[in-house]
Amino acid sequence: MADERLERWLDELLRVPGLTAIRDREEARRALLEDSLRGAELVRRFEGPVVDVGSGGGAPGIPLAVVLPEREVVLLEAQRRKCDFLERVGSAFPNVRVVWGRAEEQPADVFGVAVVKALAPPPVAAEWSLPLVRPGGAAILWVGPSVDVEAVARAATQLGAGEPQEHDGLLMLPKLRPTPPGFPRRPGIARKRPLA
29 MADERLERWL
39 DELLRVPGLT
49 AIRDREEARR
59 ALLEDSLRGA
69 ELVRRFEGPV
79 VDVGSGGGAP
89 GIPLAVVLPE
99 REVVLLEAQR
109 RKCDFLERVG
119 SAFPNVRVVW
129 GRAEEQPADV
139 FGVAVVKALA
149 PPPVAAEWSL
159 PLVRPGGAAI
169 LWVGPSVDVE
179 AVARAATQLG
189 AGEPQEHDGL
199 LMLPKLRPTP
209 PGFPRRPGIA
219 RKRPLA
């Protein structure tokens, strides 16, 4: 995909310390750009704004914003330094908005889709992302081949989601019901005491 804005984004990602451990540009293209775009078809299945939870350097949110120009993409990031980077590079993308904050502190049942890549173990990522999604939407997690789908399913069920669906390294969690009372739990609890 030829888009000069994405090339500049990749250059900036590699230039600014602490955003990625990747140093090689071709590896960055594959792992951060092309891998992010694998989620585009799943995101298209659902309407409404997209939130990239724990966006870091902007993957998968920024590449998805380019291929889904009609959708608002919110880059949610808890670290101020990373937000500063996202605000600077995100200004090139009219449908991108940056929010500084933790997933646990955001309003529930707002977004059509939440996307999560390389943030936390999948059951924890599910707890951070599913409460943000309204019923009829979904959370989409980038997972590895060793993902424990049963553990994710146990967490997802408690958060109002249906059975996880695997799609070539992506796990889609359809949100069926509003977020139950008590979720999201306070910051730090999901990682200390995962639902699964």
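Numbered continuously in the numbering used here, the sequence shown closes out at residue 224.
The beta carbon of each residue, even a glycine, is placed where N, CA and C say it ideally should be.
> Going by Cα to Cα distance, which pick from 222, 116, 187, 145 is closest to residue 209?
Replying inline: Locating residue 209 in the sequence shown gives position 181, where the first residue counts as 1. Nearest C-alpha to residue 209: 187.
> Helix, strand or coil: how does DSSP classify residue 71 here?
Replying inline: Start at 1 with the first residue of the sequence shown, and residue 71 comes out as number 43. Helix.
> By how many angstroms is the C-alpha of residue 189 removed from the C-alpha of residue 173?
Replying inline: Along the sequence shown, one-based indexing puts residue 173 at 145. Along the sequence shown, one-based indexing puts residue 189 at 161. Answer to the nearest angstrom: the Cα atoms are 22 Å apart.
> Going by Cα to Cα distance, which pick from 82, 80, 86 is closest to residue 41?
Replying inline: What you label residue 41 is simply residue 13 of the sequence shown in a count that begins at 1. The candidate whose alpha carbon is nearest that of residue 41 is 86.
> How should residue 220 be labelled, buried or exposed, when 16 other C-beta atoms within 10 angstroms of its C-beta is the threshold for buried?
Replying inline: Your numbering for residue 220 matches position 192 in the sequence shown. Residue 220 comes out exposed.
> Thinking C-alpha only, which one of 175, 138, 158 is nearest residue 218?
Replying inline: As a position in the sequence shown, residue 218 is number 190, starting the count at 1. It is 158.
> If you compare alpha carbons, which of 125, 32, 44, 34 is closest to residue 102?
Replying inline: Start at 1 with the first residue of the sequence shown, and residue 102 comes out as number 74. Of the candidates 125, 32, 44, 34, the one whose C-alpha sits nearest the C-alpha of residue 102 is 125.
> Going by DSSP, what residues sit across from residue 41 in a beta bridge?
Replying inline: By one-based count along the sequence shown, residue 41 stands at place 13. Paired residues: none, contrary to the question.
> Could you give the distance in angstroms between the alpha-carbon of residue 83 and the alpha-carbon of residue 117?
Replying inline: Taking the sequence shown and counting its residues from 1, the one referred to as residue 83 is at position 55. Taking the sequence shown and counting its residues from 1, the one referred to as residue 117 is at position 89. Cα to Cα, the separation comes out at about 13 Å.
>> Between which residues of its own chain and residue 191 is the CB-CB distance below 7 Å, once the five residues before and five after are set aside?
In response: Position 163 of the sequence shown, counting from 1, holds the residue named residue 191. Here the set comprises 181.
> What is the rounded straight-line gap between the Cα of residue 203 and the Cα of residue 138?
Replying inline: In the sequence shown, residue 203 corresponds to position 175, counting from 1. In the sequence shown, residue 138 corresponds to position 110, counting from 1. Their backbone Cα atoms lie some 12 Å apart in a straight line.
> residue 212: buried (16+ other C-beta within 10 angstroms of its C-beta) or exposed?
Replying inline: Here residue 212 is taken as the residue at index 184 of the sequence shown, counted from 1. Buried.
> Quick one: what does DSSP say residue 134 is sitting in, helix, strand or coil?
Replying inline: The count along the sequence shown starts at 1 and reaches residue 134 at position 106. Note: residue 134 maps to coil in three-state DSSP.
> Just reading off the beta strand (DSSP E) that residue 153 is part of, what are its end residues?
Replying inline: Within the sequence shown, residue 153 is the residue found at index 125, counting from 1. Run containing residue 153: none in the beta strand (DSSP E); it sits in the alpha helix (DSSP H), 150-157.
>> With H, G and I counted as helix, E and B as strand and the rest as coil, what does DSSP make of residue 189?
In response: Within the sequence shown, numbered from 1, the residue matching residue 189 stands at position 161. Note: residue 189 maps to strand in three-state DSSP.
>> Check whether the stretch 63-75 and the stretch 130-148 touch, using three or more Cβ-Cβ pairs below 8 Å as the test.
In response: yes
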